[in-house]
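The structure appears right after this line, and notes come after that.
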Amino acid sequence: MSPVLSVVMATYNGERYIREAIQSVLDQSFADFEFIIVDDGSVDETAAIIASFDDARIVYIKKATNTGIADSLNLGISTSKGIYIARMDDDDICMPDRFEAQLKVFEHHQDVILCATDVLQNDPSTGVQAQVSHDELVMALLFYNPIIHPTVMLKRGVLGQDPYDPSKVPSEDYELWSRLIWEGRFYKLNRPLLDYRSHANSETSRRRKEQLKLNVAIAEYMFDRIGFRAYHDPGANLKRLVVHDYTISGRDLKHLMRWCVTLKRVNQTHNKFDITTFNAVVDKQIRLFLISYFMNQKIKSKMIPFFSLSLSHKAVIVKHYLGKVIKRIG
Numbered sequence: 000m001s002p003v004l005s006v007v008m009a010t011y012n013g014e015r016y017i018r019e020a021i022q023s024v025l026d027q028s029f030a031d032f033e034f035i036i037v038d039d040g041s042v043d044e045t046a047a048i049i050a051s052f053d054d055a056r057i058v059y060i061k062k063a064t065n066t067g068i069a070d071s072l073n074l075g076i077s078t079s080k081g082i083y084i085a086r087m088d089d090d091d092i093c094m095p096d097r098f099e100a101q102l103k104v105f106e107h108h109q110d111v112i113l114c115a116t117d118v119l120q121n122d123p124s125t126g127v128q129a130q131v132s133h134d135e136l137v138m139a140l141l142f143y144n145p146i147i148h149p150t151v152m153l154k155r156g157v158l159g160q161d162p163y164d165p166s167k168v169p170s171e172d173y174e175l176w177s178r179l180i181w182e183g184r185f186y187k188l189n190r191p192l193l194d195y196r197s198h199a200n201s202e203t204s205r206r207r208k209e210q211l212k213l214n215v216a217i218a219e220y221m222f223d224r225i226g227f228r229a230y231h232d233p234g235a236n237l238k239r240l241v242v243h244d245y246t247i248s249g250r251d252l253k254h255l256m257r258w259c260v261t262l263k264r265v266n267q268t269h270n271k272f273d274i275t276t277f278n279a280v281v282d283k284q285i286r287l288f289l290i291s292y293f294m295n296q297k298i299k300s301k302m303i304p305f306f307s308l309s310l311s312h313k314a315v316i317v318k319h320y321l322g323k324v325i326k327r328i329g
């Protein structure tokens with residue numbers, strides 16, 4: 000009899016953390032699953048660590064050569080037999096009731112095709128935010144990837160053959176969400192059900208510049224899908240937001256702020272999204288960009304751009320710097 004759930008993990012030289020990751024999956028309160036581990040040609044002790052687990056639910060696949068995470072995940076999914084697919088990375092830790100909680104979402108919301116969760120994390124600088132509603136996730140995907148890949152559980156039926164595109168690594172997950180989100184509803188549990196490691200040796204960290212470049216094309220695709228095509232690249236403003244370009248001139252910063260205001264007006268005119276929620280999403284992008292922009296500028300080069308900002312945007316910067324001063328004094 001086929002299991003309800005297939006857990007898919009890809010690993011490459013994961014000896015440092017994989018034992019904890021595997022154990023956290025095997026210790027789940029929901030037990031009807033197969034655990035497919037695709038070893039992408041590891042040359043360390045990964046294989047021996049996996050072999051040390053005596054659990055019939057583990058399906059171990061060893062590849063002869065290293066071909067990358069997208070190919071490994073596609074292989075794992077093609078092997079799977081479950082109704083649902085849960086992703087898991089070799090360096091993270093599941094909370095004991097993760098699978099149980101996510102399966103309840105599918106049980107109570109038949110139109111949901113993907114369920115993600117919030118995370119605990121060892122690097123708060125990544126700024127993961129809890130996005131909950133489907134529309135909020137669509138809006139967030141216009142600018143960045145709000146979904147942490149190894150928290151995801153999906154309906155197997157919405158995934159075609161080879162759902163991950165190897166040419167989109169290390170943004171293969173963001174690219175997949177940008178295609179799937181039109182097929183059904185996404186749901187994000189506002190609970191941290193994964194202990195998420197962010198470290199310098201991860202593929203995402205090592206290939207960050209490449210990832211940001213890919214993210215621009217994905218964000219542009221999202222703008223096209225919602226009918227905002229004419230507004231996604233006036234003066235490369237979307238690119239500046241997505242790649243976090245804090246080297247732009249004061250004039251370009253002013254253009255960027257005006258473009259964000261235009262986006263809010265366009266949404267209000269065409270009624271694509273709830274106005275209040277969309278404005279909040281755009282304002283968050285402005286706020287984060289402004290804070291980082293001024294933190295990355297020398298004092299002399301900050302002043303002219305600062306005085307060209309609107310009063311509300313000046314307030315964002317002043318509030319941020321006052322907070323830093325108060326924190327140091329305290």
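Mapping the sequence shown onto numbering that gives the first Met the number 0, position 255 (from 1) lands on 254, and the numbers just tick up by one. Backbone N, C-alpha and C fix where the C-beta goes; we use that ideal spot for every residue, glycine too. Here the structure is a predicted model, which is why all the values come from computation and not from measurement.
Excluding residues up to 5 positions away in sequence, 143, 144, 170, 173, 241 and 242 lie with their Cβ nearer than 8 angstroms to the Cβ of residue 214 in the same chain. Between residue 87 and residue 24, the C-beta gap is smaller than 8 angstroms, which places the two residues in contact. Contact between the stretch 40 to 53 and the stretch 180 to 191 is not established, with fewer than three Cβ pairs separated by less than 8 angstroms. In this structure, residue 39 places its C-beta atom within 8 angstroms of the C-beta atom of residue 9.
For the options 162, 237 and 75, the alpha carbon positioned closest to that of residue 62 is the one of 75.
Beta-bridge partners of residue 117 (DSSP): 191. Between the alpha carbons of residue 30 and residue 18 lies a gap of roughly 18 angstroms. When 57, 82 and 257 are compared, the shortest CA-CA separation from residue 26 is found for 57. Shown here, residue 14 sits in coil according to DSSP, grouped into three states, outside any helix or strand.
With 16 or more other Cβ atoms inside 10 Å of its own Cβ, residue 101 counts as buried. In this structure, the alpha-carbon of residue 157 lies about 43 angstroms from that of residue 294. Around the beta-carbon of residue 90, 16 or more other beta-carbon atoms lie within 10 Å, marking it buried. Following the DSSP letters along the chain, one finds residue 83 in no alpha helix (DSSP H) but inside the beta strand (DSSP E) bounded by residues 83 to 88.
In this structure residue 70 is buried. Its beta-carbon is surrounded by 16 or more other beta-carbon atoms within 10 angstroms.
Residue environment analysis places residue 85 among the buried positions, since at least 16 neighbouring C-beta atoms fall within 10 angstroms of its C-beta.
With contacts defined by Cβ atoms closer than 8 angstroms, residue 2 and residue 80 form a contacting pair. For residue 191, same chain residues with a beta-carbon under 6 angstroms away, outside a window of 5 residues either side, are 117, 118 and 119 in chain order.
Contact check for residue 168 and residue 67: beta-carbon distance about 6 angstroms, within the 8 angstroms limit, so the pair qualifies. Minimum Cα-Cα distance from residue 224 among the listed residues 11, 179 and 252 corresponds to 179. Shown here, residue 280 sits in a helix according to DSSP, grouped into three states. Collapsing the DSSP output to three states places residue 157 in a helix. Within the model, the alpha-carbon separation for residue 286 versus residue 55 is close to 50 angstroms. For residue 184, the three-state secondary structure derived from DSSP is strand. Just measuring C-alpha positions, the residue of 197, 244 and 78 sitting nearest residue 34 is 78.
Residue pairing by DSSP puts residue 38 in a beta bridge opposite 10 and 61.
In the three-state scheme derived from DSSP, where H, G and I count as helix and E and B as strand, residue 166 is classed as helix. If you draw a straight line from the Cα of residue 292 to the Cα of residue 147, it is about 25 angstroms long. The three-state reading of DSSP puts residue 51 in coil, since its state is none of H, G, I, E or B.
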